[in-house]
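First residue of the sequence shown: 58, per this note's numbering; consecutive thereafter. Written out below as structure tokens is the structure these notes cover.
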Amino acid sequence: MNNGHTKMRIYSIVLKLTKQPKKKDMKQIETSNNPRANKVASYSKAKDVKKNTLLSISKMNPCRNRVIALLEENSSAAFATDSYGKLPLHLACEYGASPAVIRELLHANPKAARERDILGMLPIHRICSSYYTHAKRKLRKNTAKQNMLEVLQILLCAEPESICVEDNDNTCPIEHALNSGIDIYIIKKLQREKGIVLKQISEGSITCWN
Numbered sequence: 058m059n060n061g062h063t064k065m066r067i068y069s070i071v072l073k074l075t076k077q078p079k080k081k082d083m084k085q086i087e088t089s090n091n092p093r094a095n096k097v098a099s100y101s102k103a104k105d106v107k108k109n110t111l112l113s114i115s116k117m118n119p120c121r122n123r124v125i126a127l128l129e130e131n132s133s134a135a136f137a138t139d140s141y142g143k144l145p146l147h148l149a150c151e152y153g154a155s156p157a158v159i160r161e162l163l164h165a166n167p168k169a170a171r172e173r174d175i176l177g178m179l180p181i182h183r184i185c186s187s188y189y190t191h192a193k194r195k196l197r198k199n200t201a202k203q204n205m206l207e208v209l210q211i212l213l214c215a216e217p218e219s220i221c222v223e224d225n226d227n228t229c230p231i232e233h234a235l236n237s238g239i240d241i242y243i244i245k246k247l248q249r250e251k252g253i254v255l256k257q258i259s260e261g262s263i264t265c266w267n
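Take a look at the structure:
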């Protein structure tokens with residue numbers, strides 16, 4: 058019995074010594090010895106980090122608290138631009154972000170409402186060309202319309218003259234709105250606002266910085 062027990066123990070030890078690594082361990086070994094795999098892993102990590110930047114989430118209809126958290130981590134994120142020269146405010150205006158998010162981005166970068174992207178477009182151009190289209194995919198049409206009106210008001214309070222500014226294609230915000238086929242009520246609202254601003258410019262109370 059003792060000899061049989063001893064043989065079993067020896068057999069068990071031999072098995073442990075010759076046991077193949079688990080798939081998970083093998084994967085780690087392969088990765089550590091494979092420069093290409095390491096590069097892919099690094100790229101994946103970088104991609105995950107990129108997904109959490111203010112620029113990337115600004116076009117994903119983020120909640121206000123998420124935007125505040127990212128700005129608290131890095132206040133300069135509100136001044137970052139993508140390869141098209143767009144600030145987080147441009148992207149938020151383009152992709153239908155909530156008025157609360159627009160306020161936070163503008164508060165973090167007060168001059169953002171008068172910043173142009175690579176196409177010469179201000180955030181108000183982006184609102185007029187795309188906001189309603191994206192917002193109505195996620196919200197009821199009436200809610201999307203109300204949000205757009207509120208966002209327009211926020212930007213016009215910050216930079217009233219922006220309603221008159223043309224982009225690189227000599228297209229003003231109202232023309233973008235007409236091309237995007239948005240609600241006629243919003244078009245009329247923009248026309249009224251432009252009329253008020255043009256009057257103020259002619260009276261010299263404000264100056265157009267186009």
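Using N, Cα and C, we set each Cβ at its ideal position, and we do this for glycine too. This structure is a prediction, so every number in the text was calculated from the model and none was measured.
{"Item": "Rounded separation between residue 246 and residue 264 - CA only", "Value": "21 Å"}
{"Item": "Option nearest residue 202 by Cα separation, candidates 121, 156 and 133", "Value": "156"}
{"Item": "Residue range of the alpha helix (DSSP H) that includes residue 205", "Value": "198-215"}
{"Item": "For residue 114, the first and last residue of its enclosing alpha helix (DSSP H)", "Value": "111-114"}
{"Item": "C-alpha gap between residue 258 and residue 233, whole angstroms", "Value": "22 Å"}
{"Item": "Cβ-based burial, residue 226 [other Cβ within 10 Å; buried from 16]", "Value": "exposed"}
{"Item": "Span separating the alpha-carbon of residue 123 from that of residue 239", "Value": "29 Å"}
{"Item": "DSSP-derived helix/strand/coil call for residue 254", "Value": "helix"}
{"Item": "Spatial neighbours of residue 152 in its chain, beta-carbon cut-off 6 Å, leaving aside the 5 residues before and after", "Value": "116 and 191"}
{"Item": "Closest Cα partner of residue 120 within the set 158, 140, 138 and 137", "Value": "158"}
{"Item": "N-terminal and C-terminal residue of the alpha helix (DSSP H) that residue 172 is part of", "Value": "Premise fails: residue 172 is in no alpha helix (DSSP H) and is neither H nor E."}
{"Item": "Sequence-distant residues of its chain with Cβ nearer than 7 Å to residue 251 (five each side left out)", "Value": "220, 221 and 231"}
{"Item": "DSSP state of residue 118 mapped onto helix, strand, coil", "Value": "coil"}
{"Item": "Buried or exposed by the 16-neighbour rule on C-beta atoms within 10 Å, applied to residue 126", "Value": "exposed"}
{"Item": "Reference residue 242, options 198, 135 and 142, closest by Cα", "Value": "198"}
{"Item": "Span of the alpha helix (DSSP H) around residue 263", "Value": "Careful: residue 263 lies outside any alpha helix (DSSP H) and carries neither H nor E."}
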